[in-house]
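A.B. asks:
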Amino acid sequence: MKEQKNSKKKNEPNTPKGLTKKQRGRIYTAAFLVLIAIFYFVNNSQNEPKRGPYPPHYKPQTASQNTEMLKLSDYRGKVVVVDFWATWCPPCRKGIPDLIELKKKYGDKDFEIIGISLDKISRGGKTAQDVVPFIKQYGINYPIVWGTMQTTQLFGGVRAIPTTFFIDKSGKIRDKIEGLASISTLENKIENLLKEKNLSPSSEGTIDFTLPVVK
Numbered sequence: 118m119k120e121q122k123n124s125k126k127k128n129e130p131n132t133p134k135g136l137t138k139k140q141r142g143r144i145y146t147a148a149f150l151v152l153i154a155i156f157y158f159v160n161n162s163q164n165e166p167k168r169g170p171y172p173p174h175y176k177p178q179t180a181s182q183n184t185e186m187l188k189l190s191d192y193r194g195k196v197v198v199v200d201f202w203a204t205w206c207p208p209c210r211k212g213i214p215d216l217i218e219l220k221k222k223y224g225d226k227d228f229e230i231i232g233i234s235l236d237k238i239s240r241g242g243k244t245a246q247d248v249v250p251f252i253k254q255y256g257i258n259y260p261i262v263w264g265t266m267q268t269t270q271l272f273g274g275v276r277a278i279p280t281t282f283f284i285d286k287s288g289k290i291r292d293k294i295e296g297l298a299s300i301s302t303l304e305n306k307i308e309n310l311l312k313e314k315n316l317s318p319s320s321e322g323t324i325d326f327t328l329p330v331v332k
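Structure, rendered in structure tokens:
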């Protein structure tokens, strides 16, 4: 009888005293889950290293921070000639000296010319790099901005270049010319708009855009 009791004790598993089989199973399951969580944390922390501190006075840079923007509505109260053009367009190049002369003649009055280059959105944008050298070569004395398809649609579509729009002091489109026009034709339209007074202050029917200036 004594030998049977001793053999029975030897076969019993070495487990904590006072725990039932169900309680022991819960402890083992919890320990297993903790190990899995530790493994997951260590593995993911190695794949994505922690970022170091930013330098003092660090400010993230964006493209817009170094880009000067031109807003058409800022010229409200002036007669504005908006010229759609491109460097690859022979009639455009021929007409630009006239625009330069008009800027010199009327620049001290309530008048401005804005050239909208379509080089980025025409011919695959291959001539965009020519715009800045072109401005310097011709001595263009009025602002040039980069045009977009949305801007051409805002003006009702541009079917040919050059296309020149005449905007009155209230910001409304009053006339346009498709193709090259003589300087005398441009002068007549500009002077007629400059003579106008007491235009309606209402913004109804006015046009506006905000485009990056070519630098």
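Okay, so the sequence shown: first residue is 118 according to our numbering, each after it adds one.
Beta carbons are placed, not taken as given, at the ideal position from N, Cα and C, and that holds for glycine.
1) From this set, Lys293, Lys243, Ile300, which residue's C-alpha is nearest Thr204's C-alpha?
2) Less than 8 Å between the beta carbons of Thr280 and Phe201, yes or no?
3) To the nearest angstrom, how far is the alpha carbon of Pro329 from that of Leu187?
4) Using the DSSP secondary-structure output, state which residues sit across from Lys293 in a beta bridge.
5) Take Phe326 and list the residues in its own chain whose beta-carbon comes closer than 7 Å to its own, dropping the five residues that flank it on each side.
6) Going by CA-CA distance only, name the one from Cys206, Val198, Arg240 that's closest to Ile294.
7) With distances taken Cα to Cα, identify the nearest neighbour of Asp236 among Ser320, Trp263, Asp191, Gly322.
8) Excluding five sequence neighbours on each side, which residues of the same chain lie with their C-beta closer than 8 Å to the C-beta of Asp285?
9) Going by DSSP, name the residue or residues bridged to Met186.
10) Could you give the distance in angstroms between the alpha-carbon of Thr302 and the alpha-carbon of Phe283?
11) Which residue or residues does DSSP assign as beta-bridge partners of Ser239?
12) Spatial neighbours of Ala245 within its chain, please: CB distance less than 7 Å, with the 5 preceding and 5 following residues excluded, ordered by chain position.
13) Determine the closest residue to Lys222 out of Glu308, Cys206, Gly194, with distance taken between C-alpha atoms.
14) So is Ser234 buried or exposed if we call it buried at 16+ other beta carbons inside 10 Å?
15) Judging by CA-CA distance, which residue of Thr265, Gly232, Gly241, Arg240 is the nearest neighbour of Val249?
16) So Ile278 and Cys206 are supposed to be a Cβ contact under 8 Å. How far apart are they, rounded?
C.D. replies: The relevant details are as follows:
1) For Thr204, the closest alpha carbon among the candidates Lys293, Lys243, Ile300 is that of Lys243.
2) Taking 8 Å as the Cβ cut-off, Thr280 and Phe201 qualify as a contacting pair.
3) The straight-line gap from Cα to Cα measures roughly 6 Å.
4) According to DSSP, residue pairing for Lys293 in a beta bridge involves Phe282.
5) Spatial neighbours of Phe326 in its own chain (CB-CB distance under 7 Å, excluding positions within 5 residues in sequence) are listed in chain order as Leu189, Thr268, Leu271.
6) The residue among Cys206, Val198, Arg240 with its C-alpha nearest the C-alpha of Ile294 is Val198.
7) With respect to the C-alpha of Asp236, the residue from Ser320, Trp263, Asp191, Gly322 having the closest C-alpha is Trp263.
8) Once the five neighbours on either side are set aside, the close Cβ partners of Asp285 are Val196, Arg291, Leu310, Glu313, Leu316.
9) DSSP lists Pro329 as the beta-bridge partner residues of Met186.
10) Within the model, the alpha-carbon separation for Thr302 versus Phe283 is close to 12 Å.
11) In the DSSP assignment, Ser239 is bridged to no other residue.
12) So the qualifying residues of the chain are Asp236, Lys237.
13) Closest option to Lys222, Cα to Cα, is Glu308.
14) Counting other Cβ atoms within 10 Å of its Cβ, Ser234 reaches 16 or more and is therefore classed as buried.
15) The candidate whose alpha carbon is nearest that of Val249 is Gly232.
16) Ile278 to Cys206, Cβ: 5 Å. Contact.
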